[in-house]
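>
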Amino acid sequence: MDQSPPDQFAEARRLEALRALNLLDTDPDQEFGALVALARLALRTPIVLVALIDEERLWVSASEGTDIKEIPREVSFCNHTIRGRGIFEVTDAHNDPRFADNPLVTGYPDIRFYAGIAIHAADPKYPRRRHAIGAICGIDHRPGKLDAEQEGALRNLGRLAEGLVASRAAASGALRIAETTQRQAVELSRRDRTFREAERMAQIGSWRFQFSDRSLTWSEGIYRLHDLNVSEPPSAERALEFYPPHARERLRQAMADTRSTGEPFDLELDFITASGGQRRVRTVGGLELEDGEPVAMTGVFQDVTERYQLEQSLRRSASIDEVAGIANRNAFNRELEVAMDEAEREKTPLALVLVDLDGFKQVNDTNGHVAGDDVLRAVGQRLHAPWLAESFAARLGGDEFALIVRDPTLCGDIDTMVATLVENLKRPVETGAGPLRISGTAGYAAFGPAIGSMREFIHRADTALYEAKRTERGTARRSSALMHPPRAISASGS
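In structure tokens, the structure reads:
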């Protein structure tokens with residue numbers, strides 16, 4: 000990576016683009032905080048940063064896994080990232096002559112692996128030019144290498160970070176313009192044209208609600224985002240009808256709170272346009288005062304559908320086992336915690352089934368990993384079968400699977416359900432190496448007052464699984480925590 004001094008003019012423009020965003024030396028950013036949490040799941044590294052590169056320092060705008068706020072620019076890995084194109088990756092810093100003596104490698108935070116991608120922002124004076132103002136990166140204390148899925152996720156995270164930066168700049172700029180147009184009538188025409196162009200480019204609009212007569216005023220951008228003609232101004236009550244009932248109530252309450260407390264609101268809500276289009280929008284509002292008294296509420300409205308869908312896609316990809324096509328261990332842990340809380344609160348039934356495939360290592364060793372993947376996919380499909388009444392299926396790793404059962408009918412006859420499941424797992428799987436016979440051994444437990452933690456719940460099902468495997472593979476055993484004593488359950492349920 001080229002570490003020659005940067006072109007002075009380009010560096011000056013880069014620094015101006017960075018400082019125009021007013022992101023340096025600020026409190027932790029909530030949106031970047033959500034982004035690094037998402038990045039930590041996608042990259043599977045203990046440390047994730049959104050870092051901004053100032054003239055002589057790196058400033059951490061958001062992070063997980065470290066409390067570092069700033070470091071000298073000259074020792075930062077992100078300084079290398081912004082000099083190049085695409086992903087910058089260091090698989091083992093201890094063996095890399097560029098970094099072996101770096102204090103971040105020899106001391107805290109003991110960097111061994113690094114992968115980052117630059118975050119770009121538009122030049123304030125030359126909008127077509129973009130400058131690398133910082134980076135989003137993952138850091139590990141162990142050597143590593145991104146796989147293809149992680150590379151794709153990191154590129155998407157970089158685009159998402161740039162979208163957040165652009166959204167922040169556009170929204171704050173539009174709000175400043177909207178407030179200025181109301182105070183400075185002499186510049187109204189020029190600022191109005193600028194504002195309309197900013198609305199069009201950033202997919203935003205401004206609104207104003209007058210308290211005295213309950214009149215609502217929209218900018219042109221608001222009409223565009225509602226799919227309405229500017230000749231059809233709606234009433235305040237009609238404007239709320241564009242939101243689904245749950246979102247409508249949140250917005251109504253937020254506006255009431257702002258009027259009573261003076262604190263501005265900032266919400267993301269589901270939204271339905273006049274033509275039926277479903278969107279995700281961000282709406283921001285605050286009080287307008289005259290002589291210290293509130294006379295109106297003004298705000299900005301923005302379409303964030305694309306960014307929201309990308310976030311949801313990244314969250315889904317971070318929760319799915321790509322081979323089996325069902326939830327992964329992280330998603331399982333979250334779901335089990337929710338299910339236990341609900342069962343305890345609502346007094347509803349809940350059961351946990353753990354399954355180990357029998358002889359899966361031999362399948363891989365004899366027929367290859369492609370055939371092994373075919374087996375894992377087939378098991379994932381069988382654990383997601385309609386007869387299981389939307390039970391939550393997950394692959395915990397290797398040949399280990401789990402099923403969270405909430406359905407009252409299935410929980411009421413859990414012995415029969417598990418026996419049927421074990422029987423279904425014995426059906427041959429069609430693979431590229433031909434049909435393969437498989438089987439699974441299961442252990443299961445029912446949730447009850449005696450179970451005080453998720454760890455204990457899993458332990459009970461796991462203990463039953465261990466007993467079943469020790470007794471006979473391809474069978475199931477119920478935890479002794481159930482009302483009846485434990486016994487081995489055959490595939491027929493007897």
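By numbering that gives the first Met the number 0, the letter at position 374 of the sequence shown is numbered 373, and the numbering carries on one by one without gaps. In this text, a Cβ means the ideal position worked out from N, Cα and C, and glycines have one as well. Remember, it's a predicted structure, so these values are computed and weren't measured experimentally.
Within the stretch 370 to 411, note down every full alpha helix (DSSP H) run reaching 4 residues or more, in order along the chain.
If we require 4 residues or more, the alpha helix (DSSP H) runs fully inside the stretch 370 to 411 come out as 407 to 411.
> Alpha carbon to alpha carbon, how far is residue 334 from residue 124? Give it in angstroms, no decimals.
For this step, residue 124 is matched to residue 125 along the sequence shown. For this step, residue 334 is matched to residue 335 along the sequence shown. Their backbone Cα atoms lie some 49 Å apart in a straight line.
> If I follow the unbroken beta strand (DSSP E) through residue 31, where does it start and stop?
As a working mapping, residue 31 is identified with position 32 in the sequence shown. Unbroken run through residue 31 is the alpha helix (DSSP H), 29 to 42; no beta strand (DSSP E).
> What are the start and end residues of the beta strand (DSSP E) that includes residue 267?
Translated into the one-based positions of the sequence shown, residue 267 becomes position 268. Counting along the chain, the beta strand (DSSP E) containing residue 267 begins and ends at 264 to 271.
> Please report how far the alpha carbon of residue 60 lies from the alpha carbon of residue 33, in whole angstroms.
Start at 1 with the first residue of the sequence shown, and residue 60 comes out as number 61. Start at 1 with the first residue of the sequence shown, and residue 33 comes out as number 34. Distance between the alpha carbons of residue 60 and residue 33 is about 12 Å.
> Any idea what DSSP makes of residue 141, helix, strand or coil?
Counting from 1 along the sequence shown, the entry for residue 141 is found at position 142. Of the three classes helix, strand and coil, the one that applies to residue 141 here is coil, per DSSP.
> Going by other Cβ atoms of all chains shown within 10 Å of its Cβ, with 16 needed for buried, is residue 459 buried or exposed?
One-based indexing of the sequence shown puts residue 459 at position 460. It counts as buried.
> Is the CB-CB distance between residue 359 and residue 367 below 8 Å?
Walking along the sequence shown from the start, residue 359 turns up at place 360. Walking along the sequence shown from the start, residue 367 turns up at place 368. Going by C-beta atoms, residue 359 is not nearer than 8 Å to residue 367.
> Whose C-beta lies closer than 7 Å to the C-beta of residue 36 among residues of the same chain, with five residues either side of it excluded?
If you number the sequence shown from 1, residue 36 lands on position 37. 63.
> If contacts are defined as beta-carbon pairs under 8 Å, then residue 58 and residue 20 qualify, I think. What distance do you get, rounded to the angstrom?
If you number the sequence shown from 1, residue 58 lands on position 59. If you number the sequence shown from 1, residue 20 lands on position 21. That pair is no contact at about 12 Å.
> Over what stretch of residues does the alpha helix (DSSP H) that includes residue 457 continue unbroken?
Here residue 457 refers to the residue found at position 458 of the sequence shown. 453 to 470 is the extent of the alpha helix (DSSP H) around residue 457.
> Let me know the secondary structure DSSP gives residue 259 once reduced to three states.
Numbered from its first residue, the sequence shown carries residue 259 at position 260. Here residue 259 sits in helix by DSSP.
> Using DSSP bridges, identify the partner residues of residue 89.
To locate residue 89, count along the sequence shown from 1; it is residue 90. Answer by DSSP bridge pairing, in chain order: 113.
> Three-state secondary structure (DSSP) at residue 202?
Here residue 202 corresponds to residue number 203 of the sequence shown, with the count starting at 1. Residue 202 falls in the coil class under three-state DSSP.
> Taking the beta strand (DSSP E) that residue 443 belongs to, which residues open and close that run?
Counting from 1 along the sequence shown, the entry for residue 443 is found at position 444. Element bounds for residue 443: 439 to 445.
> Does the distance from the CB of residue 40 to the CB of residue 317 come in under 8 Å?
On the sequence shown, position 41 is the one that residue 40 refers to. On the sequence shown, position 318 is the one that residue 317 refers to. Taking 8 Å as the Cβ cut-off, residue 40 and residue 317 qualify as a contacting pair.
> Does DSSP put residue 185 in a helix, a strand or coil?
The residue you call residue 185 lines up with position 186 of the sequence shown. Below a pLDDT of 50, predicted positions are generally treated as unreliable, and residue 185, at 48, falls in that range; no measurement from the model is reported.
> Hey, would you say residue 263 sits closer than 8 Å to residue 291, going by beta carbons?
Position 264 of the sequence shown, counted from the first residue, corresponds to residue 263. Position 292 of the sequence shown, counted from the first residue, corresponds to residue 291. No, the pair does not count as a contact, with Cβ atoms beyond the cut-off.
> Can you say whether residue 311 is buried or exposed, counting buried as having 16 or more other CB atoms within 10 angstroms of its CB?
Position 312 of the sequence shown, counted from the first residue, corresponds to residue 311. Around the Cβ of residue 311, a 10 Å sphere holds fewer than 16 other Cβ atoms; the residue is exposed.
> What does the alpha-carbon distance come out to for the pair residue 68 and residue 92?
Residue numbering aside, residue 68 sits at position 69 when the sequence shown is read from its first letter. Residue numbering aside, residue 92 sits at position 93 when the sequence shown is read from its first letter. Rounded to whole angstroms, residue 68 to residue 92 spans 22 Å at the Cα level.
> Thinking C-alpha only, which one of 401, 396, 369, 363 is nearest residue 381?
For this step, residue 381 is matched to residue 382 along the sequence shown. Residue 401 is the option with its Cα nearest to residue 381.
> Whose C-beta lies closer than 7 Å to the C-beta of residue 65 among residues of the same chain, with five residues either side of it excluded?
For the purposes of this step, residue 65 is identified with residue 66 of the sequence shown, where counting begins at 1. Answer for residue 65: 46, 108, listed in chain order.
> If I measure Cβ to Cβ from residue 383 and keep anything under 7 Å in the same chain, skipping five residues before and after, which residues do I get?
Residue mapping note: residue 383 aligns to position 384 of the sequence shown, counting from 1. Taken in chain order, the residues that qualify are 325, 392.
> Can you tell me which of the three DSSP states residue 166 falls into?
The residue given as residue 166 occupies position 167 in the sequence shown. Looking at residue 166 - three-state DSSP - the assignment turns out to be helix.
> Between the stretch 402 to 415 and the stretch 334 to 353, are three or more C-beta pairs nearer than 8 Å?
yes
> For residue 470, count neighbouring Cβ atoms within 10 angstroms of its own Cβ and tell me buried if that reaches 16, exposed if not.
The count along the sequence shown starts at 1 and reaches residue 470 at position 471. Residue 470 comes out exposed.
> Between residue 164 and residue 120, is the Cβ-Cβ spacing less than 8 Å?
Numbered from its first residue, the sequence shown carries residue 164 at position 165. Numbered from its first residue, the sequence shown carries residue 120 at position 121. Yes, Cβ-Cβ distance for residue 164 and residue 120 is below 8 Å.
> Grab the span of the alpha helix (DSSP H) containing residue 340 for me, first residue to last.
For the purposes of this step, residue 340 is taken as the residue at position 341 of the sequence shown. Run containing residue 340: 328 to 345, per the alpha helix (DSSP H) assignment.
> State the DSSP-derived secondary structure class of residue 312, mapped to helix, strand or coil.
Along the sequence shown, one-based indexing puts residue 312 at 313. Here residue 312 carries a helix assignment [DSSP, helix/strand/coil].
> Using only the alpha-carbon positions, how far apart do residue 159 and residue 306 sit?
As a working note, residue 159 is residue 160 in the sequence shown. As a working note, residue 306 is residue 307 in the sequence shown. Here the alpha carbons of residue 306 and residue 159 stand approximately 7 Å from one another.
> Would you kindly check if the distance between the Cβ of residue 298 and the Cβ of residue 206 is under 8 Å?
Taking the first residue of the sequence shown as position 1, residue 206 is located at position 207. Taking the first residue of the sequence shown as position 1, residue 298 is located at position 299. Yes. Within cutoff.
> How is the alpha helix (DSSP H) around residue 300 delimited, first residue to last?
Against the sequence shown, residue 300 aligns to sequence position 301. Here residue 300 belongs to no alpha helix (DSSP H); instead the beta strand (DSSP E) covers 292 to 302.
> Just to confirm, is the Cβ distance from residue 13 to residue 131 under 8 Å?
Here residue 13 refers to the residue found at position 14 when the sequence shown is read from its first residue. Here residue 131 refers to the residue found at position 132 when the sequence shown is read from its first residue. Closer than 8 Å, so yes.
> Quick check on residue 160: does DSSP put it in helix, strand or coil?
For the purposes of this step, residue 160 is taken as residue 161 along the sequence shown, with counting starting at 1. The answer is helix: DSSP assigns residue 160 an H, G or I state.
> At what residues does the alpha helix (DSSP H) containing residue 365 begin and finish?
Looking up residue 365 in the sequence shown gives position 366. Note, residue 365: alpha helix (DSSP H), 359 to 366.
> For the beta strand (DSSP E) containing residue 285, name the first residue and the last one.
What you label residue 285 is simply residue 286 of the sequence shown in a count that begins at 1. Counted as a single uninterrupted DSSP element, the beta strand (DSSP E) harbouring residue 285 occupies residues 277 to 289.
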